[in-house]
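Per the working numbering, the sequence shown starts with residue 0, numbered consecutively.
Each residue gets a CB set at the ideal place from its N, CA and C atoms; glycine is no exception.
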Amino acid sequence: MIVKEGIARISVPDSYSRKGPGTRSAGFYNSAQHINRDLTIMALSVLKPKNYLDGFGATGVRAVRVVAELGIQSSISEINPASLRIIRENLEANKVSATIYGEPFQSVVLKGLYEFIDIDPYGSAVPYLDAGLAAVKNGGYLGITATDLSVLTGSVPSKTRRRYGAFIANDDHRHEAGIRLMLADVVRRAATMDRYVTPILSFWHGHFYRIIVRVRNGSQKADRSLDLISTMNFREMYSDFYEDIDQGPVWKGDIEDASIISKFLENPPEHVSATSVDFASRLAGENASFMFYEMADAARSLGVNLPRVNELVDYLSETGSRAYRTHFSTTGIKFTGSWQQFIDAFLSVSGHA
Ligand SMILES: C[S@@+](CC[C@H](N)C(=O)[O-])C[C@H]1O[C@@H](n2cnc3c(N)ncnc32)[C@H](O)[C@@H]1O
């Protein structure tokens with residue numbers, strides 16, 4: 000059957016996945032990743048790389064859209080012969096061209112100096128990170144999708160330790176912790192190659208995380224980026240309500256480039272959906288603080304009901320500190336003030352001051 004996404008019409012198997020992780024099959028297409036592809040198109044519209052490698056083609060939807068919507072020269076790698084046939088059909092049907100390699104991503108990255116390499120495999124991106132980080136052009140970008148969220152959020156601690164060398168508590172903060180764990184892994188791997196990484200975009204949506212990072216050469220900057228990776232302890236950061244547990248190591252630097260996000264929000268590419276633009280507009284405040292304050296925890300620790308989130312955000316913003324909603328939790332707030340200021344405001348807004 001044919002599905003419409005962006006400007007593209009894509010031939011997909013009739014059994015394609017409308018939500019969740021989807022089942023693995025030739026021409027794998029997951030409509031739940033539409034937002035991932037839209038935000039990639041938005042970022043590419045500002046980053047303007049000279050070329051793009053869709054490293055895990057499946058239907059080729061990413062490259063088809065990148066060529067058709069942005070005119071960026073693209074290549075696709077894919078190892079499944081049936082998927083390769085579908086990719087060829089989709090390129091032809093959309094009247095666009097891209098170089099197709101029926102070879103593993105790991106060898107295709109060595110073929111050219113790619114300025115944007117998209118890593119979107121089934122499950123964990125870990126097996127492909129070193130190949131992408133080593134091959135991408137100096138100053139180029141990696142887009143990385145991870146669907147191993149149970150590992151990144153610590154729901155099976157032994158797996159988190161094995162794959163990422165870390166501990167994550169799997170509490171209400173787990174998705175920001177998981178993204179920061181993923182970033183720590185990428186930063187460390189880049190540093191082994193005397194390269195350093197700057198996050199452009201980082202988000203969680205449903206069953207996946209997506210990050211886009213810039214990769215540059217520089218051993219001193221790589222050293223400095225390693226200084227931004229360490230453990231976090233909510234008891235030390237917030238209050239005695241939390242257990243005295245060291246989580247991580249996680250990335251403590253910025254997780255996005257707000258100027259790039261505002262550029263693509265000012266002028267979103269024509270074919271991205273309004274839902275994706277709205278979602279992207281909710282990412283703008285994520286750098287305001289390292290981790291967010293969780294209102295549900297404050298309510299539990301004080302034994303009072305939750306006030307309205309927007310009311311608390313407005314109140315906190317009036318204290319002279321910055322406050323934003325976070326996309327990592329419906330009751331989470333990024334706030335530059337202290338836990339005590341947060342609690343005082345919480346009590347005032349909920350009528351318990
Ligand atoms: C999750 S799907 C990709 C989805 C696609 N990027 C999209 O946005 O719809 C993963 C694809 O990667 C292919 N694949 C698996 N290992 C690969 C490798 N080492 N190199 C290239 N492709 C690979 C699989 O056959 C599958 O089609």
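Item	Value
Could you name each continuous beta strand (DSSP E) segment of 3 residues or more that falls completely within the stretch 90-123, going from the start of the chain to the end?	98-100 and 115-118
Using a threshold of 7 Å, is the CB atom of D147 nearer than that to any non-hydrogen atom of ligand 1?	no
Which residues does DSSP pair with G231 in a beta bridge?	Checking the sequence, you will find Met at residue 231 rather than Gly. Paired residues: Q246.
Which residue from K220, A67 and F115 puts its Cα closest to that of A42?	F115
On the three-state DSSP scale, how would you describe H33?	helix
Leaving aside the five residues before and after S24 along the sequence, list all residues of the same chain whose C-beta is less than 8 Å from its C-beta, in chain order.	P12 and S14
Using a Cβ distance threshold of 8 Å, determine whether the stretch 202-219 contacts the stretch 296-313, with at least three qualifying pairs required.	no
Taking DSSP as the reference, what is the three-state secondary structure of K220?	helix
Measuring alpha carbon to alpha carbon, tell me which residue in T318, M236, I244 and G284 is nearest A257.	G284
Name the one or two DSSP bridge partners that V212 has.	L141 and P198
At 4 residues or longer, what runs of the alpha helix (DSSP H) sit wholly inside the stretch 277-320?	294-301 and 308-316
Can you grab the Cα-Cα spacing for the pair F334 / L346, in whole Å?	16 Å
Could you tell me the boundaries of the beta strand (DSSP E) in which E265 lies?	No beta strand (DSSP E) holds E265; the alpha helix (DSSP H) holding it covers A257 to E265.
Looking at G56 and ligand 1, is the gap between the Cβ and the nearest heavy atom below 7 Å?	yes
Tell me, which residues are paired with Y323 by DSSP?	K333
Only counting the same chain, and skipping five residues up and downstream in sequence, which positions put a Cβ closer than 7 Å to that of K182?	Strictly speaking, residue 182 in this sequence is Leu, with Lys absent from that position. Once the five neighbours on either side are set aside, the close Cβ partners of L182 are P198, S201, I210, W250 and I254.
Could you check if R299 is buried or exposed, using at least 16 other CB atoms within 10 Å of its CB as the buried criterion?	exposed
Determine the direct distance from the alpha carbon of A124 to that of I6, and round the result to whole angstroms.	28 Å
How about S82 and E102: are their beta carbons less than 8 Å apart?	no
Decide if the stretch 268-281 is in contact with the stretch 26-45; the criterion is three or more beta carbon pairs, one per stretch, under 8 Å apart.	yes
From G59 to D243, what does the alpha carbon distance come to, in whole angstroms?	47 Å
Pull up the CB-CB distance for I342 and Q246, whole angstroms please, since I reckon it's below 8 Å.	Between Q246 and I342 the Cβ distance is about 22 Å, and since that is not below 8 Å, they are no contact.
So, under 8 Å CB-CB, S73 and Y51 are touching, yes? Tell me the CB distance rounded to an integer number of Å.	5 Å
Could you give the distance in angstroms between the alpha-carbon of S238 and the alpha-carbon of W338?	7 Å
At which residues does the beta strand (DSSP E) containing Y237 begin and terminate?	Taken as a continuous stretch (DSSP letters only), Y237 belongs to no beta strand (DSSP E), as it is neither H nor E.
Candidates R281, Y241, A130 and S280: which alpha carbon is nearest H172's?	Y241
Just to check my reading of the structure: Y121 and P48 have Cβ atoms closer than 8 Å, yes? What is that Cβ distance to the nearest angstrom?	Wrong, their Cβ atoms sit about 25 Å apart, outside the cutoff.
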